[in-house]
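Engineer: Structure provided below as structure tokens; questions to follow.
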Amino acid sequence: MASFSMEDFVGNGVLKELLPKLLEEGWDDVPTLKIMDAEDMDEMNLTRRQKDAFEIRTYLHDRALMNYGDRLEASGKGLPELLAISNADLASQYGMKRGHVARFLDRTTACTEPVNNKSEVFSIRKPPTTSRSDSLIKSFGSTTSRKMASVSRYSAATMMTYDKSIEQSLADFKIKDGHVFKGVISAGPAEPRACGCIAAPPVVDQVVPYATIENITVQKLTPEYKIGMERLLKTKGPPMKASELWRDKPAVILCIRRPGCIMCRAEAHQLYARKPLFDAMGVQLYAVLHEHIESEVQDFWPRYWGGVVLFDRGMDFFKALGGGNLLKDKFISGFLFNPRAIANYRRAKSLGLDQNFTGEGEIKGGLFIVGRKRSGIAYQFVERNFGDWAPMAEVIEICRELQNQQQEQGESIKSSQDYA
51 MASFSMEDFV
61 GNGVLKELLP
71 KLLEEGWDDV
81 PTLKIMDAED
91 MDEMNLTRRQ
101 KDAFEIRTYL
111 HDRALMNYGD
121 RLEASGKGLP
131 ELLAISNADL
141 ASQYGMKRGH
151 VARFLDRTTA
161 CTEPVNNKSE
171 VFSIRKPPTT
181 SRSDSLIKSF
191 GSTTSRKMAS
201 VSRYSAATMM
211 TYDKSIEQSL
221 ADFKIKDGHV
231 FKGVISAGPA
241 EPRACGCIAA
251 PPVVDQVVPY
261 ATIENITVQK
271 LTPEYKIGME
281 RLLKTKGPPM
291 KASELWRDKP
301 AVILCIRRPG
311 CIMCRAEAHQ
321 LYARKPLFDA
331 MGVQLYAVLH
341 EHIESEVQDF
351 WPRYWGGVVL
361 FDRGMDFFKA
371 LGGGNLLKDK
381 FISGFLFNPR
391 AIANYRRAKS
401 LGLDQNFTGE
411 GEIKGGLFIV
421 GRKRSGIAYQ
431 FVERNFGDWA
441 PMAEVIEICR
451 ELQNQQQEQG
461 ESIKSSQDYA
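In terms of my numbering, the sequence shown opens at residue 51 and continues consecutively.
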């Protein structure tokens, strides 16, 4: 998978000189930059060569082939011309390995599902007029960032593409003013291990009480990645209550088992790649580690995750996922004898990631979605098998419900004020 560093994305080509302008205009992270369309490029007065370079690098990023970015861009050819080149010429002229040639020419498969897919895209750009929806503006908050303050359209098809079965499974998940979320619990299946000789560890079947997580103490290890910022905070941030994370906006809390794990890196990358969707829904993204090894954090951020990284020294988020106790599993019984864990590993391996074995890897992770203020835990996913990911359809659906709630509350307040 390709890095989320902006410097890595633009490389040493013609886009490098655009970095200050991209920062000024709010195109300051890779997932957001990749949804830039032709109209956005025209507004920024990009040259034909710059547009070609952008198209090439976006295509390569989706296929984890960014190491060929400078060479392909320097050819002076556009992406359609490059895709028409023979296998032999790609290998001889640009030094592509055989497996990389196949991946490059496969237009149907990407290592990361692109957010700029036409069924998902919404445009984030400077509007020609000030006639955009007030309800959308309320959802985005800050007006200092162009990409957050200038949403001109939001495709209804974005959410329609996700599994329709989610609608039925969440039929009772209706959020109203003043309602405390009952929450949705989710986990992967408990498949038999070693021909049924080893039982899968049990997982909680109810969302933990909100009080379990609101006073957890965390420390910020990294800021949210933007162009040109220092790679890490010089010192860890001061201890803070977890409730500060979702005080103003809902939050997705991704609890990482081990940042060097190939399956954890893959999950983090797939989630952060959809950052524009979460931005549009007014949802923040956080990754939580239970172990602070600085070299591991540096390898993980921003390459696989460009959001804020937090340190949970007491492992309290991880204990909450287990209903008060850490969920742990052994390498032999939990991985080697577990066909689902092996399938999860192969899925991550196919995406072209690096990995290491540094740090504690037996403590299971998971994911929380928490509503703003004290409204509660809307969703909890437990990593039953090593490498289980929270289903993206479920995560998006829950976040959409939270967005709808905020919009309804805003409209209710506005109506009350108008009536008064």
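Cβ coordinates follow ideal geometry from the N, Cα and C atoms, glycine included.
Nothing here was measured: the structure is a model prediction, and the numbers come from that model.
#1: Taking a contact to mean a Cβ-Cβ separation below 9 Å, would you say residue 391 touches residue 435 in this structure?
#2: Going by the beta-carbon positions, is the gap between residue 63 and residue 123 smaller than 9 Å?
#3: Mind checking which residues open and close the alpha helix (DSSP H) that includes residue 305?
#4: List the whole-angstrom C-beta distance separating residue 359 from residue 272, where the pair is believed to meet the contact cut-off of C-beta under 8 Å.
#5: Taking the C-alpha atoms as reference points, what is the distance between residue 400 and residue 315?
#6: What does a CB cutoff of less than 7 Å around residue 325 pick up in its chain, not counting 5 residues either side in sequence?
#7: Buried or exposed for residue 236, going by 16 or more other Cβ atoms inside 10 Å?
#8: In angstroms with no decimal places, state the Cα-to-Cα distance between residue 53 and residue 375.
#9: For the beta strand (DSSP E) containing residue 416, name the first residue and the last one.
#10: Three-state secondary structure (DSSP) at residue 407?
#11: What is the rounded straight-line gap between the Cα of residue 57 and the Cα of residue 240?
#12: CA-CA distance, residue 372 and residue 119?
#13: First and last residue of the beta strand (DSSP E) that includes residue 256?
#14: Please identify the residue among 323, 274, 427 whose C-alpha is closest to the C-alpha of residue 256.
#15: Would you mind stating whether residue 305 and residue 362 have Cβ atoms separated by less than 9 Å?
#16: For the alpha helix (DSSP H) holding residue 64, just list the boundary residues, first then last.
#17: Are residue 313 and residue 397 touching if we call contact CB-CB under 9 Å?
#18: Report buried or exposed for residue 456, applying the criterion of at least 16 other Cβ atoms within 10 angstroms of its Cβ.
#19: With H, G and I counted as helix, E and B as strand and the rest as coil, what does DSSP make of residue 272?
#20: According to DSSP, is residue 237 helix, strand or coil?
#21: Could you give the distance in angstroms between the alpha-carbon of residue 115 and the alpha-carbon of residue 432?
#22: Could you tell me which uninterrupted alpha helix (DSSP H) segments, each at least 4 residues in length, are contained entirely in the region 123–158, listed from first to last along the chain?
#23: Which residues in the same chain as residue 438 place their Cβ atom closer than 6 Å to its Cβ, once the five residues preceding and following it in sequence are excluded?
#24: Where does residue 99 fall in DSSP's three states?
#25: My guess is that residue 418 and residue 303 are in contact by the Cβ rule of under 8 Å, so how many angstroms apart are they, rounded?
#26: Which residue wins for smallest C-alpha separation from residue 424, given the options 148, 296, 157, 327?
#27: I need the straight-line Cα distance from residue 151 to residue 70, nearest angstrom please.
#28: Assuming residue 415 and residue 341 form a contact by the criterion Cβ under 8 Å, report the distance between their Cβ atoms to the nearest whole angstrom.
#29: Terminal residues of the continuous beta strand (DSSP E) containing residue 376?
#30: In its own chain, which residues sit with a C-beta less than 8 Å from the C-beta of residue 141, not counting the 5 before and 5 after it?
#31: Is the Cβ-Cβ distance between residue 287 and residue 270 less than 9 Å?
#32: Looking at the secondary structure, which residues open and close the alpha helix (DSSP H) in which residue 263 lies?
#33: Identify whether residue 358 lies in helix, strand or coil by the three-state DSSP scheme.
#34: Please identify the residue among 323, 452, 317 whose C-alpha is closest to the C-alpha of residue 441.
#35: Looking at C-alpha atoms only, which residue of 429, 250, 332 is the closest neighbour of residue 298?
#36: Can you tell me where the beta strand (DSSP E) holding residue 431 begins and where it ends?
Structural biologist: From the atom records:
#1: yes
#2: yes
#3: That residue, residue 305, is in no alpha helix (DSSP H); its beta strand (DSSP E) goes 301–306.
#4: 4 Å
#5: 13 Å
#6: 79, 81, 82, 335
#7: buried
#8: 34 Å
#9: 416–420
#10: coil
#11: 42 Å
#12: 44 Å
#13: That residue, residue 256, is in no beta strand (DSSP E); it is neither H nor E in DSSP.
#14: 427
#15: yes
#16: Unbroken run through residue 64: none, as it is neither H nor E.
#17: yes
#18: buried
#19: strand
#20: strand
#21: 32 Å
#22: 129–133, 137–144, 148–155
#23: 238
#24: helix
#25: 4 Å
#26: 296
#27: 33 Å
#28: Incorrect: roughly 12 Å between the Cβ atoms, too far for contact.
#29: Residue 376 -> no beta strand (DSSP E), and no H or E assigned at all.
#30: 147, 148, 151
#31: yes
#32: 261–264
#33: strand
#34: 317
#35: 332
#36: 427–432
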